[in-house]
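Single-structure report; data block below.
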Amino acid sequence: MKYASQAVAKPYFAFAMLLFVGQILFGLILGTQYIIGDFLFPEIPFNVARMVHTNLLIVWLLFAFMGATYYLIPEETQTELWSPKLGYALFWIFAIAGVLTILGYLLVPYARLAELTGNDYFPTMGREFLEQPTITKVGIALVVVGFIFNILMTVLKGRKTVVNMVLITGLIGLAVFWLFAFYNPVSLVMDKYFWWWVVHLWVEGVWELILGAILAFILIKTTGVDREVVEKWLYLIIAMALISGILGTGHHYFFIGAPEYWLWIGSIFSAIEPLPFFMMMLFAFSMLRQRRREHPNKAAVTWAVGCTIMAFLGAGVWGFLHTLAPVNYYTHGTQLTAAHGHLAFFGAYAMIAMAIISYAWPKLHGRECSSPQAQRVEIWSCWVMSISMLAITLLLTWAGWIQIDLQRLPGDAGALGYMQTQDAIMHVYWMRLIAGIGFTVGLGMYLYSFVVARSTREQAPALAVAQ
Amino acid sequence: MSERFTKGMARNIYYGGGMFFMLLFIGLTVDTVTAIPERENRDQLTAEVAHGKHLWEKNNCVGCHSLMGEGAYFAPELGNVFDRRGMGNEAAFKAYFGAWMKAMPTGVEGRRQMPQFNLSEEELNAMAEFLIWSSRIDTNDWPPNKEG
Chain Z
-15 MKYASQAVAK PYFAFAMLLF VGQILFGLIL GTQYIIGDFL FPEIPFNVAR MVHTNLLIVW
45 LLFAFMGATY YLIPEETQTE LWSPKLGYAL FWIFAIAGVL TILGYLLVPY ARLAELTGND
105 YFPTMGREFL EQPTITKVGI ALVVVGFIFN ILMTVLKGRK TVVNMVLITG LIGLAVFWLF
165 AFYNPVSLVM DKYFWWWVVH LWVEGVWELI LGAILAFILI KTTGVDREVV EKWLYLIIAM
225 ALISGILGTG HHYFFIGAPE YWLWIGSIFS AIEPLPFFMM MLFAFSMLRQ RRREHPNKAA
285 VTWAVGCTIM AFLGAGVWGF LHTLAPVNYY THGTQLTAAH GHLAFFGAYA MIAMAIISYA
345 WPKLHGRECS SPQAQRVEIW SCWVMSISML AITLLLTWAG WIQIDLQRLP GDAGALGYMQ
405 TQDAIMHVYW MRLIAGIGFT VGLGMYLYSF VVARSTREQA PALAVAQ
Chain E
129 MSERFTKGMA RNIYYGGGMF FMLLFIGLTV DTVTAIPERE NRDQLTAEVA HGKHLWEKNN
189 CVGCHSLMGE GAYFAPELGN VFDRRGMGNE AAFKAYFGAW MKAMPTGVEG RRQMPQFNLS
249 EEELNAMAEF LIWSSRIDTN DWPPNKEG
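Just so you know, the sequences run in chain order Z and E.
The numbering of the first sequence is the numbering used here, which starts it at -15 and goes up by one.
The numbering of the second sequence is the numbering used here, which starts it at 129 and goes up by one.
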């Protein structure tokens, strides 16, 4: 750690990991409910468990992005953070608000939570991923604005690099598009149309800028390749992300009441969406080939390279699989969508979070990297989680195919009903649950690697203070 | 990458491309927003339909069901439930819908359970109106069949 204020990142990373564990536990509940329909009913109905699962994901990724930003901004700007105090204060506000919201989901019926938080006066609840009470949404907006202010003030007084400019552009975009979470018109079509301005323009838009900036930072640090080269790649990748991704939003506008021209625009532009992910993979491998140093943190490099591969598969290949309108006509809203969602989020965002944590955590604790023993466990955990997630994806793809084959392709007379189709998928859901348990084991190994790192601390190279 | 392709060129593609496509997207959005009222029959979007949407959200229906293919995949698609269960007859659908909602949860062991939401007659009617209105939105002919 070169700057004392980088330590602000610590609680963000630690809390992100805690929420990640929660997300996976609720994932196991959901996987079980797909098989044993009344599992935990009525205490934790499926909709509640799903809300906890998806909201925890979004929130832990936000914590990880914030932690990553607090860690890399002082190093990039070559100056201390404008206000570490604000960073810590916002951490506690966000953490407490997040925990209260999750407890609200679990402890009272959702309709009661809506009444308690005054949803009738300013209704924003009850839309997928945006289930948070309006007051929580306001809280998130304030925390993000405070966070961006802190980062902007730091960047203004320090060195401006492409990495920190791209990162901050991504963060400002995140804040701006969040505002659409407050727009909830009575027209369902208008609601759905602008709902995607949060959801799509986040994950297939501005989050890719954040991902690109973090990836570039890690590659600069671990390969020692000249900044000029890295920055050129970064610009090209995010250029392609925006050029394909903005109009790519159209692939969500096929069947929700928007005009027909979206069938063409959405298909064409989202067909280009795999390109930035493919370039990210080329970028990572090309930087590794041109590396000027052997960085001792093999685990961080494994996560970073793995991230680009899995993101390409999940966001790129599995996205393309069902993005063309004539295909999507049959696949829309099937388990195939869930397959894509799982691999894309894990590959692109969960893995970049673990990559920056892997790189930064030892440094935040006075070491260049973790001991070789700890790294070995961590790299194994990366493989176990990645293979398990690939298995989940393949199984959900299979489940989706059965759904399409039985329920979607036949005409009115021959099509099987929804629940009968689900019964026909049951064996696949069992295998998916087993793959989910595999993922949980991987996550356990990942957490265990921190224990090993701690106990073998002395075998890890100390941080070179003067650089 | 080739030396003749400079960082400055890459930056210009990023800013220029990003800006151009965002503006184009906003332009298309203006056109879409103008087209939506006719496609969704806004003249039939009554206060009851609006109330039904509010109830749909307040009870987190989308946490299990999908509506026009969006939402969770744990329970059936409801964008076309009016056609599937009501056969296009409003009175028949409302009777079916009210009875269905009151019978939940079924309590059949091992099967997926829908909670009891304790909706009043007036609320049940609003929910049904919302689902009827939703089924008439022009969705470019989706879903492919009545099973959704």
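All C-beta atoms in this analysis are idealised placements derived from N, C-alpha and C, irrespective of residue type, glycine included.
- Here residue 143 of chain E is exposed. Its C-beta has fewer than 16 other C-beta atoms within 10 Å.
- Interface criterion met: the Cβ of residue 25 of chain Z is under 8 Å from a Cβ in chain E.
- Proximity of residue 144 of chain Z to chain E, defined by a Cβ-Cβ separation below 8 Å, is not satisfied.
- Under a 10 Å Cβ-count criterion, residue 227 of chain E is classified as exposed, with fewer than 16 other Cβ atoms of the shown protein chains found around its own Cβ.
- Taking 8 Å as the upper bound for CB-CB distance, residue 205 of chain Z and residue 166 of chain Z are not in contact here, some 38 Å apart.
- In this structure, the alpha-carbon of residue 295 of chain Z lies about 30 Å from that of residue 276 of chain E.
- With respect to the 8 Å criterion, residue 61 of chain Z and residue 134 of chain Z are not classified as neighbours on the basis of their beta carbons.
- For residue 341 of chain Z, the enclosing alpha helix (DSSP H) stretches over residues 335 to 348.
- The residues 169, in chain order, have a CB closer than 7 Å to that of residue 264 of chain E in the same chain once the five nearest residues on each side in sequence are set aside.
- Nearest CB-CB separation between residue 28 of chain Z and chain E: not below the 8 Å threshold.
- DSSP, read as helix, strand or coil, puts residue 207 of chain E in coil.
- Residue 313 of chain Z has a beta carbon lying within less than 8 Å of a beta carbon in chain E.
- In the DSSP assignment, residue 388 of chain Z falls outside any alpha helix (DSSP H), carrying neither H nor E.
- Judged by DSSP secondary structure, residue 207 of chain Z falls within the alpha helix (DSSP H) whose first and last residues are 191 to 207.
- Sequence-distant partners of residue 103 of chain Z (beyond 5 residues in either direction) whose C-beta falls short of 7 Å from its own C-beta, in its chain, are 109, 117, 118.
- Residue -4 of chain Z counts as buried, since no fewer than 16 other beta carbons sit within 10 angstroms of its beta carbon.
- The region 312 to 320 of chain Z makes no contact with the region 24 to 31 of chain Z: fewer than 3 CB pairs, one atom from each, lie closer than 8 Å.
- Annotation: Cβ neighbours of residue 152 of chain E in chain Z (cutoff 9 Å, chain order): 230, 231.
- If you compare the alpha carbons of Z/83, Z/169, Z/17, Z/56 with that of residue 182 of chain E, the shortest gap goes to Z/169.
- Contact annotation, residue 208 of chain E with residue 271 of chain E: C-beta distance approximately 6 Å; criterion of less than 8 Å satisfied.
- Residue 54 of chain Z and residue 200 of chain E have their C-alpha atoms roughly 35 Å apart.
- Annotation: residue 267 of chain Z to residue 249 of chain Z spans about 28 Å, alpha carbon to alpha carbon.
- Around residue 174 of chain Z, the same chain offers no residue with a beta carbon nearer than 7 Å, after the five sequence neighbours per side are excluded.
- Taking 8 Å as the cut-off, the beta carbon of residue 323 of chain Z is found no closer than this to the beta carbon of residue 261 of chain Z.
- The region 150 to 168 of chain E makes no contact with the region 283 to 294 of chain Z; the number of CB pairs closer than 8 Å stays below 3.
- By the C-beta density criterion, residue 59 of chain Z is buried, having at least 16 other C-beta atoms within 10 angstroms.
- Proximity to residue 332 of chain Z across Z/72, Z/270, Z/42, Z/19 peaks at Z/42, based on C-alpha coordinates.
- For the pair residue 221 of chain Z and residue 263 of chain Z, the CB atoms are nearer than the 8 Å cut-off.
- Beta-bridge pairing by DSSP links residue 198 of chain E to E/195.
- Judged by their CB atoms, residue 366 of chain Z and residue 290 of chain Z are nearer to each other than the 8 Å cut-off.
- In this structure, residue 372 of chain Z lies away from residue 334 of chain Z, with their beta-carbon atoms at least 8 Å apart.
- For the pair residue 259 of chain E and residue 206 of chain E, the Cα-to-Cα distance works out to about 7 Å.
- Put simply, the CB of residue 171 of chain E is far from chain Z, with every gap to its CB atoms at 8 Å or more.
- The alpha-carbon of residue 17 of chain Z is positioned some 14 Å away from that of residue 415 of chain Z.
- Counting C-beta atoms within 10 angstroms of its own C-beta, residue 356 of chain Z has fewer than 16 neighbours from the protein chains shown and is therefore classed as exposed.
- A buried status is given to residue 160 of chain E, since no fewer than 16 other beta-carbon atoms sit within 10 Å of its beta-carbon.
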